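**Student:**
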Amino acid sequence: MTPYEKLTPPKDGEKITIDDKGKLVVPDKPIIPYIAGDGIGPEVVEAMRAVVDAAVKKVYIGKKEIIWFEVFAGEKAREIYAADYSEEQLKKMDPKKIRDLFLPIDTLKAITEHIVAIKGPLTTPIGGGFRSLNVAIRQRLDLYSCVRPAKHIKGVPAPVKHPEKVDMVIFRENIEDVYSGIEFEPESADAKKLIKFLNDELGTNVLMESGIGIKPMSWANTSRLVRMAINYAFEKNYKSVTLVHKGNIMKFTEGKFKDWGYKLAAEEFPDTVISEKDLWDNYDGKLPEGKILIKDRIADSMFQQILLRPDEYDILALPNLNGDYISDALAAQIGGLGFAPGGNIGDKAAVFEATHGTAPKHAGKNKVNPGSVIFSAVMMLDYMSWVEAVEMINKAIEKTVLQKKVTYDIARQLKDVKPIGTSDFAEAIISNM
Ligand code: NAD
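Numbered according to the numbering used here, the sequence shown spans residues -4 to 428.
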């Protein structure tokens, strides 16, 4: 009997597991659940699977293979799990029930059991109550870190003079901050109740008609994010981790993020991570081999730094909102969201995803750039330590872009270049392997 309500797992393949030291154990034929997504999702995910399968086949000559397992969320989940409900019924439904129809328990269970998954973009369904399916996936699977590498691909037009100087990886806190969803509508009974409490009991002076949101930030969530960022810096030979915050203004949330980041580094990496003060007091400003520098920058200044001195920064660890802005700014700086990958990573599961949305006006036209989800798959392969496949796809994409075989979003920024379609771009990458 299948443990799922409406899913049939593949017969072939094995599950990825995590050993007792927390390390990923990847079999030669891992089962990877994927969500095709809405809008342009299915076409970019199809292109991604073709590229990944071709690279894995070419590099491992049949020894390794990904066994894909389609699971559902968004509109496709609605067709399968909510077929019995009319639009009207859905509109009146309890928000949690709607969420379970668009993000079924089956899907969360499949990802939890198989540990590594990948997804296309999703439209947030009608009805209120929860903000986005993507946020729901991150929160329900405790994927506490949103990881977004930003590195320029040769040949991709960029708005800055030296995009090649950007090589940063963002670790954005994914669970709390103003994204925790604790927010009350202006003039609502809940907003008024909370404002009355704040004004009467805590001496604040908030206007009664205000909308109000809460910004929780904790040691628990900050410390695990910064730990992941530092471990990644060591693993990938990066030289620094920068805590990006607005602690000069929001002292007990963003300020604590900074303090806790330094505290975690001092407690858990006392011999290997050094502060800027330490660097100048004891090492004459030269980072010794094998050590990592931890520093902090105020968020507004960081927006200048990524433009003016990008080569001085490697890993950035940020609270949720700062991370959201900076990751899009960095993606734009090196040529746009079309190639920007992302992964949502926790201790027990990881979901890699395209960073753009569903672009409904382009859906079904075989036109858009599948680069974002392909590079997200590259991150996924790297996470699985299939580094040979990573290298092959990276090189093939660079070659393809340098041949000016690109989709419309890149072609329109180049002179006299005719765009190719989504599937042709995937084919061109494969032929360059
Ligand atoms: P969007 O990213 O879907 O589209 C913005 C514009 O970017 C598009 O019009 C298109 O010109 C361009 N674009 C996006 N992806 C592209 C690609 N792969 N290749 C070429 N051009 C591309 O953002 P939006 O219009 O703000 O949102 C549309 C829907 O997507 C909304 O329902 C939103 O909730 C959802 N969304 C989902 C995610 C996600 O699933 N992670 C992220 C953002 C938005």
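Backbone N, C-alpha and C fix where the C-beta goes; we use that ideal spot for every residue, glycine too.
Here the structure is a predicted model, which means the values were calculated and not measured.
Which residue wins for smallest C-alpha separation from G330, given the options I27, F370, I405, K24?
**Tutor:** Measuring from the Cα of G330, the nearest candidate turns out to be I405.
**Student:** Should T402 be counted as a contact of the ligand NAD given a C-beta to heavy atom distance under 7 Å?
**Tutor:** yes
**Student:** Going by beta carbon distance, what residues of the same chain come within less than 7 Å of E262, once the five residues before and after it are set aside?
**Tutor:** none
**Student:** Is T102 closer than 8 Å to A145 when the C-beta atoms are compared?
**Tutor:** no
**Student:** I need the DSSP call for I225, collapsed to helix, strand or coil.
**Tutor:** Residue state, collapsed to three classes: helix.
**Student:** Just the Cα atoms here: how many angstroms apart are Y320 and G208?
**Tutor:** 19 Å
**Student:** Are the beta-carbon atoms belonging to N364 and L138 less than 8 Å from one another?
**Tutor:** For N364 and L138, no; Cβs fall outside 8 Å.
**Student:** Buried or exposed: where does E20 fall if 16 or more other Cβ atoms within 10 Å of its Cβ makes it buried?
**Tutor:** The amino acid at residue 20 is misidentified as Glu; the sequence shows Val. V20 comes out exposed.
**Student:** In the structure shown, what three-state DSSP assignment does S81 receive?
**Tutor:** coil
**Student:** Tell me whether the beta-carbon of P211 lies closer than 8 Å to the beta-carbon of S183.
**Tutor:** no
**Student:** Could you pull out every residue in the same chain whose Cβ sits closer than 6 Å to the Cβ of A228, ignoring the five residues on either side in sequence?
**Tutor:** V236, I287, I310
**Student:** Please name the residue in W275, W255, K390 whose C-alpha comes closest to that of L313.
**Tutor:** W255
**Student:** Leaving out five residues before and five after L238 in sequence, what residues of the same chain have Cβ atoms less than 6 Å from its Cβ?
**Tutor:** K253, G256, D291, A312
**Student:** To the nearest angstrom, how far is it from the Cα of L316 to the Cα of T217?
**Tutor:** 13 Å
**Student:** Helix, strand or coil for D291, going by three-state DSSP, please let me know.
**Tutor:** strand
**Student:** For A335, which residues from the same chain have a beta carbon less than 6 Å from its beta carbon, with the 5 sequence-adjacent residues on both sides left out?
**Tutor:** A326, T350, S367
**Student:** Is it the case that the CB of S322 approaches a heavy atom of the ligand NAD more closely than 7 Å?
**Tutor:** Residue side-chain check: S322 keeps its Cβ at 7 Å or more from all non-hydrogen atoms of the ligand NAD.
**Student:** Could you have a look at F179 and say whether DSSP puts it in helix, strand or coil?
**Tutor:** In the structure shown, the three-state DSSP call for F179 is strand.
**Student:** Could you spell out the range, first to last residue, of the alpha helix (DSSP H) harbouring K258?
**Tutor:** 249 to 263
**Student:** Would G318 and E168 be called neighbours here (beta carbons separated by less than 8 Å)?
**Tutor:** Cβ distance < 8 Å, so G318 and E168 count as in contact.
**Student:** Are there any heavy atoms of the ligand NAD lying less than 7 Å away from the beta-carbon of K356, as far as the coordinates show?
**Tutor:** yes
**Student:** Rounded to a whole number of angstroms, what is the C-alpha to C-alpha distance between I113 and E204?
**Tutor:** 43 Å
**Student:** Please report how far the alpha carbon of S296 lies from the alpha carbon of K6, in whole angstroms.
**Tutor:** S296 and K6: Cα-Cα distance of roughly 53 Å.
**Student:** For the putative contact between F347 and M375, defined by C-beta atoms under 8 Å, what is the C-beta separation to the nearest angstrom?
**Tutor:** With a Cβ gap of about 4 Å, F347 and M375 count as contacting.
**Student:** Do V111 and the ligand NAD come close, with the Cβ less than 7 Å from some heavy atom?
**Tutor:** no
**Student:** Which value, in whole angstroms, describes the spacing of the CA atoms of M163 and I301?
**Tutor:** 9 Å
**Student:** How big is the Cα-Cα spacing for T417 and E271?
**Tutor:** Whole-angstrom Cα-Cα distance: 46 Å.
**Student:** Indicate whether L430 and F97 have their beta-carbon atoms separated by less than 8 Å.
**Tutor:** The structure shown does not extend to residue 430, since the chain is modelled only from -4 through 428, so no value can be given for it.
**Student:** Taking the C-alpha atoms as reference points, what is the distance between K343 and E249?
**Tutor:** For K343 and E249, the distance between alpha carbons rounds to 27 Å.
**Student:** For the ligand NAD, is there any heavy atom lying closer than 7 Å to the beta carbon of N389?
**Tutor:** No, the Cβ of N389 stays beyond 7 Å of every heavy atom of the ligand NAD.
**Student:** For the beta strand (DSSP E) holding W381, just list the boundary residues, first then last.
**Tutor:** In the DSSP assignment, W381 falls outside any beta strand (DSSP E) and carries neither an H nor an E.
**Student:** Examine the ligand NAD and report whether any of its heavy atoms sits within less than 7 Å of the Cβ of V363.
**Tutor:** Between the ligand NAD and V363, a heavy atom-to-CB distance of less than 7 Å is present.
**Student:** Within the present structure, is the beta-carbon of E348 separated from the nearest heavy atom of the ligand NAD by less than 7 Å?
**Tutor:** Checking the Cβ of E348 against the ligand NAD gives yes.
**Student:** Look at the Cβ atom of P433, then the Cβ atom of F67, and state whether they are nearer than 8 Å.
**Tutor:** Given that the chain is displayed from residue -4 to residue 428, the structure contains no residue 433 and the question cannot be resolved.
**Student:** Following the continuous alpha helix (DSSP H) through H109, name the residue where it begins and the one where it ends.
**Tutor:** 100 to 109
**Student:** With a CB to CB cut of under 6 Å and the five nearest residues on each side skipped, what residues in its chain are close to R133?
**Tutor:** N169, N339
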